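Going by full-length UniProt numbering, the first residue of the sequence shown is number 1, and it counts up by one from there. Backbone N, C-alpha and C fix where the C-beta goes; we use that ideal spot for every residue, glycine too. Computed from a predicted structure; not experimentally measured.
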Amino acid sequence: MLGTNSFKFLMAACTHKKKNRQEVILKYFRKIRQMLQKNPIVFHLKDSIAIDNTQQYDPKLDDLKRRIFELASNQPYWGEEKPARWILLEQKIMTLKVSGAKVVPLSLIEDMNMSASVRLKDRNELELFLSFQHEIGTILYFSDEGLREKIVLDPQWMINVLSSLITAESFIDQNPDIITPWYDFQEKGKLTHTLIDAVWKEKQDFHDNKKHILLLMEKLNIIARPLSYTEVKEEDYYFAPCMLQQATPKEVICPKLDPKDESTSVLCYVCKGKFLPTPIFHRLLGACLTRWHIAKKKSENQIYCGCCVFDLDHHHTLTLHLFGHVIFARAIGRGVTVTSQSSKLCTEARTFIYDNLHKITKNLGQSLQFEMHIQCPNCDPDSTEGLFAVSLLRNFEQVVCRSHDEYHTLVSKNMLRLWFEDVGQTVMESTEEGKETKLSEKVEVAASNRVSDKSSKKGEPCSDPTLLRQLLQKSQQAGSSSQSTLEATCLSVGLELHGETPADGNCFFEAISSQLRRLNCVVQKSPQELRQEVVAFMRTNRVIQASEGTIHLDCFICNESFDVYCSRMAMDSQWADHVVVVAMARMLQMDIMIVTSSPSSGPENIIVWVVGKTAFQDDPILLGHVWESHYLSLQPTGRSVDDTDRFMHIACLLVDVGSKVLRRLLLYHTVTPTCTLDQYLVNKRTTIDNLRQRKILNKSQMAILFPPGGSTNLGDYDITLLSALFTNIVLNISPQQLNMIQSLRDKRNEIFAHAKSVTVSSNDYQTFWKDISKILEALSKPCGDPDFEKDISKEIERIQVSTVQGTSLLDTLPTLTRKMETLEKLVLHLMLCIAQKSNKESDASDS
1 MLGTNSFKFL MAACTHKKKN RQEVILKYFR KIRQMLQKNP IVFHLKDSIA IDNTQQYDPK
61 LDDLKRRIFE LASNQPYWGE EKPARWILLE QKIMTLKVSG AKVVPLSLIE DMNMSASVRL
121 KDRNELELFL SFQHEIGTIL YFSDEGLREK IVLDPQWMIN VLSSLITAES FIDQNPDIIT
181 PWYDFQEKGK LTHTLIDAVW KEKQDFHDNK KHILLLMEKL NIIARPLSYT EVKEEDYYFA
241 PCMLQQATPK EVICPKLDPK DESTSVLCYV CKGKFLPTPI FHRLLGACLT RWHIAKKKSE
301 NQIYCGCCVF DLDHHHTLTL HLFGHVIFAR AIGRGVTVTS QSSKLCTEAR TFIYDNLHKI
361 TKNLGQSLQF EMHIQCPNCD PDSTEGLFAV SLLRNFEQVV CRSHDEYHTL VSKNMLRLWF
421 EDVGQTVMES TEEGKETKLS EKVEVAASNR VSDKSSKKGE PCSDPTLLRQ LLQKSQQAGS
481 SSQSTLEATC LSVGLELHGE TPADGNCFFE AISSQLRRLN CVVQKSPQEL RQEVVAFMRT
541 NRVIQASEGT IHLDCFICNE SFDVYCSRMA MDSQWADHVV VVAMARMLQM DIMIVTSSPS
601 SGPENIIVWV VGKTAFQDDP ILLGHVWESH YLSLQPTGRS VDDTDRFMHI ACLLVDVGSK
661 VLRRLLLYHT VTPTCTLDQY LVNKRTTIDN LRQRKILNKS QMAILFPPGG STNLGDYDIT
721 LLSALFTNIV LNISPQQLNM IQSLRDKRNE IFAHAKSVTV SSNDYQTFWK DISKILEALS
781 KPCGDPDFEK DISKEIERIQ VSTVQGTSLL DTLPTLTRKM ETLEKLVLHL MLCIAQKSNK
841 ESDASDS
């Protein structure tokens, strides 16, 4: 297996080629692919090669080496530079390894460094050196308390340590006194000190380093100390989840509930690559063992192969089990009614599991991504049937499960309850998939898509256009005050009505047609044409790929089949619902912005954004939605977005967000528990002084780095200074990240430093926005903080939404006047002039 951060390349190699004919070899490789046919890992199988290891030289060995080199050289870490002074210490460590040393104290490495002719500068650089060697697999070293004082020179030695425990059966035959601990370890994963001491008694290097080995195994979540209910905090044994052999009883996964019991839905952590290595689940169990007690049943621990039950408290249990590429979680309250405490426990458990999955995959060098789903309660939890993404459940009040013989409807709120303390506001952790608010809460239905005649059966769709018009007129009269509210809301964000939209049941399509004219689209459509085309689009595109994930349109149609729904929607005067709104945006490949007068919508939810295309769109379709009755066509007020506004928005993106991302990235690469930013700069003082002599840094930048009589203030670092630091003194940054930082600096210079005016054209704006936001989101990920990634994405989205509404950011603040807007532009213009003048003076003084 080759590749970093994900399982990218898999090669199948077989030996004894000489003993088999070519057709036998090909048949063998075909069997391998057939075995993996239903496993997503088959997509990573790049090559198959047969070699003969019974002769001295086989030309195929060269082919194998060449292919491995080709795949490895395409990895992002290939070609990264390291300091030349590290080579001497590397050679000394290699000499130690050749001599047979397995574990050495850190003090020995420090002495070797001090005696070298070219040594590492200080403890911080030594720490960096050891961490680098650990990352590339040369040694095992952690800077944690209790682990930093010893270094494992040979990682294979740790494998031998584990193997000595796992394969000690022959040893056990000669020592019947420890048969019980041995079988407890083999079957139940219970590792006792009695077994460890007995097996390692004759292995001096294992026995002498027992404490360090056990700490390493705990650090790697290979073993974990279970919590105890007694006064002693930890039991005097470990659990090794990877050793569990006992099969999980069916009643553990599908428990029988007493009428007084309360169960959550089954929360699923789905690996998006559809391949989840089992050790990741084992390490997750190891992390959970340090947080919760193992639940007992008849005095037996409920921990099994691929499953464990934990006590969240004395009344609530949590069951985790693995099936395929999905981790399932279910919480049960025994004999208690649902309380806020129940929801708090479940929410904390959900967050703990997600956070630890992120940490485990990061520590293993994997970039596996997990998406949370909820399983239909009628599906077998030992299968991957009936899974609904949490992001979709937030967007629709009901979903339809099609995993059974008969379709049935599920209420989204009931599926999400308990796992999310506030179903309406909580955002799921999956940053790429989640949205802060439900689409169904925002894109309100203009009217019910199932208006029923009083004489018809409940839920039966009505198709009488006359009756629909009568109902619509009544709704319009009742909602006149709502339209006044909507118009006032629109004015507060710089929008106004764009002509009159007839109230005839076709208002959504009338408004869309009006918008196509307003935007001067090449293809103009009548309301009738739009209705028929969107219905045809839905018939042929029942599955839509949207920012919220994969949307099955027919899952949101209740009480009638999808074909009947489409036939009804094709009729004149049928009100458009949320499904039609989403489909229209995708069909036109245009974003739709909706301003709603929903009485339950707070100020932050009055604007709904329905994504129609993935690329940034400068001017979306603008619609108003009178609560429960009518769609309207909107337009920006007398003043639209001009080139100066665009300049200001790019400034916000670069100066505010860009600087924030680079500052956090600098801290991530320079600050450690034992080294502050000031100390790091002092350690790099020689290099920084050299940069000043070469005029890469100027006097003002030096004053920021080394202020007289005080500590450096990270808030003073701008993109130019940050770029210089990353380029010249931060050694552990990847070439890809460095290229993105330099690109950000170049765009900053292109837009500001060399600007002839404070304007950006519409075409340039779209290009700048797309490139800069993509770079900022990519650079926020290596910072190792998912919450920071979310904040950056939200900040970019906030600026983007404010930009595309048709007014400047300042216009969305009703408390500011037009004079303040003019003043802001004037101040910005003066600041640019002063900055350009200052740069010229600085350059003149340097020369």
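- For Tyr238, the enclosing beta strand (DSSP E) covers residues Tyr237 to Phe239.
- With respect to the C-alpha of Leu738, the residue from Asn749, Leu714, Leu776 and Asp716 having the closest C-alpha is Leu776.
- Judged by pairs of C-beta atoms under 8 Å, the segment 325-333 touches the segment 346-364, as three or more such pairs exist.
- DSSP places Thr180 within a helical segment (H, G or I) once states are collapsed to three.
- DSSP, reduced to helix, strand and coil, places Cys555 within a helical segment of the structure shown.
- Excluding the 5 residues flanking it on each side, Val543 has same chain C-beta neighbours closer than 6 Å at His552, in chain order.
- A Cβ-Cβ separation of about 30 Å leaves Thr540 out of contact with Leu632 under the 8 Å criterion.
- Secondary structure of Trp292 (DSSP, three-state): coil.
- Between Ile294 and Ile280, the C-beta spacing is not below 7 Å.
- Residue burial is scored here from C-beta neighbours: Ala585 has at least 16 other C-beta atoms within 10 angstroms and is therefore classed as buried.
- Between the C-alpha atoms of Met112 and Lys747 there is a straight-line separation of about 46 Å.
- In this structure, Ile741 sits near Ser723, with a CB-CB distance shorter than 7 Å.
- According to DSSP, residue pairing for His625 in a beta bridge involves Thr596 and Tyr631.
- The Cβ-Cβ distance between Lys150 and His207 does not fall below 7 Å.
- When Cys308, Leu126, Gln532 and Leu392 are compared, the shortest CA-CA separation from Phe239 is found for Cys308.
- Counting along the chain, the unbroken beta strand (DSSP E) around Asp311 starts and ends at Cys307 to Asp311.
- For the pair Ser143 and Val608, the Cα-to-Cα distance works out to about 48 Å.
- Residues Asn506, Phe509, Glu510 and Ser513 of the same chain have their beta carbon placed closer than 6 Å to that of Pro527, with the five preceding and five following residues left out of the count.
- Residue range Lys150 to Val152 is occupied by the beta strand (DSSP E) that includes Lys150.
- For the set Ile621, Met569, Glu795 and Thr767, the Cα lying nearest the Cα of Leu653 is the one of Glu795.
- Where Met584 is concerned, there is no enclosing beta strand (DSSP E), although the alpha helix (DSSP H) around it starts and stops at His578 to Leu588.
- In the three-state reduction of the DSSP assignment, Met372 falls in the strand class, which pools E and B.
- Comparing alpha-carbon positions, the option among Gln34, Lys60, Tyr717 and Arg30 lying closest to Thr15 turns out to be Lys60.
- By the beta-carbon neighbour count (other beta carbons within 10 angstroms, threshold 16), Val626 is buried.
- Within the same chain, Pro155 come within 8 Å of Gly137 by CB-CB distance, once the 5 residues on both sides are set aside.
- Taking all protein chains shown into account, Asn395 has 16 or more neighbouring C-beta atoms within 10 Å of its C-beta and is therefore buried.
- Look at Tyr141 here: in three-state DSSP terms it is coil, with no helix or strand label.
- Judged by pairs of C-beta atoms under 8 Å, the segment 655-667 touches the segment 764-779, as three or more such pairs exist.
- Taken atom to atom, the span from the alpha-carbon of Ala389 to that of Val582 is near 18 Å.
- In the three-state reduction of the DSSP assignment, Gln245 falls in the coil class, being assigned neither a helical nor a strand state.
- A contact between stretches requires three or more CB pairs, one per stretch, nearer than 8 Å, and the segment 213-225 fails this requirement with the segment 266-276.
- If you check the CB distance, Pro181 and Leu165 do not come in under 7 Å.
- Under DSSP, Trp609 takes part in a beta bridge, and its partners are Met593.
- Straight-line measurement puts the Cα of Thr290 at about 22 Å from the Cα of Leu276.
- Distance from the Cα of Leu665 is smallest, within the candidate group Ile733, Leu416 and Asp311, for Ile733.
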